[in-house]
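Enquirer: Structure incoming, see below.
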Amino acid sequence: MTDTHYDRGPGDTLPFAQAQAQAPSGVVIYTVGLFLAVILTATSFWAANTSLLWAPGVPLGLAVLAIAQIGVHLVFFLHITTGPDNTNNVLALAFGMLIVTLVIGGSLWIMTNLNANMMPSAELMNLQMQH
Amino acid sequence: MSIAVTFDEVGHQALPSASEAGPASKRIVVTYGFWIFLLSDIVMFSALFAAYAVLVHATAGGPAGAQLFNQRSAAIETACLLASSYTCGMMSLAVGSRRRAATYVFAAVTFVLGAAFLALELHEFAGMIAIGATPQRSAFLSAFFTLVGCHGLHVTAGLIWLVVMMAQVAVMGFRPSASRRLLCFALFWHALDIIWVGLFTVVYLMGVAP
């Protein structure tokens with residue numbers, strides 16, 4: 000097999016010859032990822048149920064923890080890195096995240112505005128939203 | 000990252016750049032295409048998340064999330080899916096070094112954990128439907144069943160795919176086509192876990208938080 004400076008497929012580690020030399024470190028990467036994910040998940044469940052934290056700030060904290068955990072999964076399980084062989088994967092991911100942000104953020108923004116501006120009273124809002 | 004470092008140590012000066020090296024190998028093209036599919040799948044899920052977030056208070060006088068969701072069962076489901084993601088990674092390593100027995104063992108553990116997740120979710124759905132919290136009850140419940148049910152359908156598809164892949168490994172061994180498909184399966188399974196992270200946060204934690 001000739002060595003060429005190809006891009007790396009998403010989720011792929013290394014060609015077989017190098018992958019075999021890397022086998023123990025592969026286990027380490029997945030285990031570190033699992034460890035971090037468990038910590039973040041446990042923190043999320045704790046934060047949602049504790050009374051120690053300021054309640055209105057909890058949803059924001061949960062969102063941050065979720066995004067952090069998604070990052071952990073991407074790096075340690077899907078092997079998305081910042082290396083030069085991963086540029087295509089990262090660009091595709093960035094475009095996907097842009098669309099996700101637009102869809103979720105845009106929907107919430109416009110619906111909040113509609114609810115705030117176009118519904119004169121709480122009763123009418125209940126009529127509108129509860130059917 | 001240790002992988003990036005060793006990859007770089009191969010020596011850049013000896014390697015032609017990607018444009019000089021000709022077309023990329025099929026393994027790279029296939030997994031990249033599958034990565035694009037996964038991202039589009041995540042975009043579809045983002046629409047379902049948006050619908051759920053908009054409709055979460057539209058309960059039409061019916062039960063709200065705080066009365067319906069059981070955090071203990073959500074936590075067990077999360078643990079099952081996270082552990083199965085880990086064993087799926089172990090399976091990928093076994094495939095990479097062509098250890099057939101280890102591949103079967105980790106695939107079996109992945110399947111059992113995924114099936115346990117699905118059983119818990121179906122049990123939860125059945126309990127909700129039994130007390131009248133059906134998808135027809137309110138816009139909130141329609142959005143809930145669409146979002147969580149769609150993820151559940153993906154998990155079901157993943158379980159079927161895993162069984163098919165093990166049959167292929169048994170028949171064909173680790174020939175390149177089979178190991179490409181196994182890599183795509185691993186991507187799919189990890190992506191499902193990523194969606195579940197958003198899902199348990201938005202639905203089960205934010206929905207129950209005061």
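Sequence order for the protein chains is B and A. Residues 0 to 130 (numbering that gives the first Met the number 0) are what the first sequence spells out, left to right. Residues 0 to 209 (numbering that gives the first Met the number 0) are what the second sequence spells out, left to right. All residues carry an ideal CB built from backbone N, CA and C; glycine is no exception. All of these numbers come straight from a predicted model, not from anything done at the bench.
Taking buried to mean at least 16 other C-beta atoms within 10 Å of its own C-beta, is B:Met117 buried or exposed?
Expert: Burial call: exposed.
Enquirer: With H, G and I counted as helix, E and B as strand and the rest as coil, what does DSSP make of A:Val55?
Expert: Residue state, collapsed to three classes: coil.
Enquirer: So what does DSSP say about B:Met110, is it helix, strand or coil?
Expert: In this structure, B:Met110 counts as helix in the three-state DSSP scheme.
Enquirer: Going along chain A, which residues have a C-beta under 9 Å from B:Ala91?
Expert: In chain order: Tyr31, Trp34, Ile35, Leu38.
Enquirer: Quick check: what's the CA-CA separation for A:Leu146 versus A:Ala50?
Expert: Those two C-alpha atoms are separated by around 9 Å.
Enquirer: With a threshold of 16 other CB atoms inside 10 Å of the CB of A:Gln135, please say whether the residue is buried or exposed.
Expert: Looking at its Cβ environment, which holds fewer than 16 other Cβ atoms inside 10 Å, A:Gln135 is exposed.
Enquirer: Mind listing the chain D neighbours of B:Gly25? Cutoff is C-beta to C-beta under 7 Å, in chain order.
Expert: The chain labelled as chain D is not found among the protein chains of the depicted structure, namely B and A.
Enquirer: Please state whether the Cβ-Cβ distance between B:Ala65 and A:Thr77 is less than 8 Å.
Expert: Cβ distance not < 8 Å, so B:Ala65 and A:Thr77 don't count as in contact.
Enquirer: Tell me the residue span of the alpha helix (DSSP H) that contains B:Val74.
Expert: Counting along the chain, B:Val74 falls outside any alpha helix (DSSP H), and DSSP gives it neither H nor E.
Enquirer: Starting from the beta carbon of B:Gly178, find every residue of chain A whose beta carbon is closer than 8 Å, and list them in chain order.
Expert: Residue 178 of chain B lies beyond the stretch modelled for chain B, which goes from 0 to 130, so this question has no answer here.
Enquirer: Classify A:Val42 as helix, strand or coil using the three-state DSSP reduction.
Expert: In this structure, A:Val42 counts as helix in the three-state DSSP scheme.
Enquirer: Under 7 Å between beta-carbons, which chain A residues line up against B:Asn87? List them in chain order, please.
Expert: The answer, in chain order, is Tyr31.
Enquirer: Please state if the CB of B:Leu59 and the CB of A:Met247 are separated by a distance shorter than 8 Å.
Expert: The displayed coordinates of chain A run from 0 to 209. Any statement about residue 247 of chain A would go beyond what the structure contains.
Enquirer: Report the neighbours of A:Gln135 on chain B: residues whose CB is nearer than 9 Å to its CB, in chain order.
Expert: Result: empty, since nearest Cβ-Cβ is about 13 Å, beyond 9 Å.
Enquirer: Short of 7 Å in beta carbon distance, which residues of its chain neighbour B:Ile28, apart from the five on each side in sequence? Order them along the chain.
Expert: Cβ within range, chain order: Phe75.
Enquirer: Since A:Cys183 and A:Phe48 are thought to touch, with beta carbons under 8 Å apart, how far apart are those beta carbons, to the nearest angstrom?
Expert: About 24 Å; that fails the 8 Å criterion.
Enquirer: Let me confirm a value: A:Trp188 is counted as buried when at least 16 other C-beta atoms fall within 10 Å, else exposed. Which label applies?
Expert: Label assigned to A:Trp188: buried.
Enquirer: Along the chain, where does the alpha helix (DSSP H) that runs through A:Ser91 open and close?
Expert: Taken as a continuous stretch (DSSP letters only), the alpha helix (DSSP H) holding A:Ser91 covers 70-95.
Enquirer: Quick check on DSSP: helix, strand or coil for A:Thr200?
Expert: Correct three-state label for A:Thr200: helix.
Enquirer: Cα-Cα, which of A:Ala74, A:Gly61, A:Ala82, A:Tyr31 is closest to B:Val31?
Expert: Taking only the C-alpha atoms, the option nearest B:Val31 is A:Ala82.
Enquirer: Find the nearest neighbour of B:Val102 within the set A:Leu92, A:Ser178, A:Ala46, judged by alpha-carbon distance.
Expert: Residue A:Ala46 is the option with its Cα nearest to B:Val102.
Enquirer: Between the C-alpha atoms of A:Arg220 and A:Leu191, what's the straight-line distance to the nearest angstrom?
Expert: This structure leaves residue 220 of chain A out entirely; chain A is present only between 0 and 209.
Enquirer: What residues in the region 99-110 of chain B bring their beta carbon closer than 7 Å to a beta carbon of chain A?
Expert: Hits within the stretch, in order: Val99, Val102, Ile103, Ser106, Leu107, Met110.
Enquirer: If you draw a straight line from the C-alpha of A:Asn69 to the C-alpha of A:Ala142, how long is it?
Expert: In a straight line, the C-alpha of A:Asn69 is about 18 Å away from that of A:Ala142.
Enquirer: Straight-line CA distance for A:Leu121 to A:Ala106?
Expert: For A:Leu121 and A:Ala106, the distance between alpha carbons rounds to 22 Å.
Enquirer: Between the C-alpha atoms of A:Val163 and B:Pro55, what's the straight-line distance to the nearest angstrom?
Expert: C-alpha separation (whole angstroms): 47 Å.
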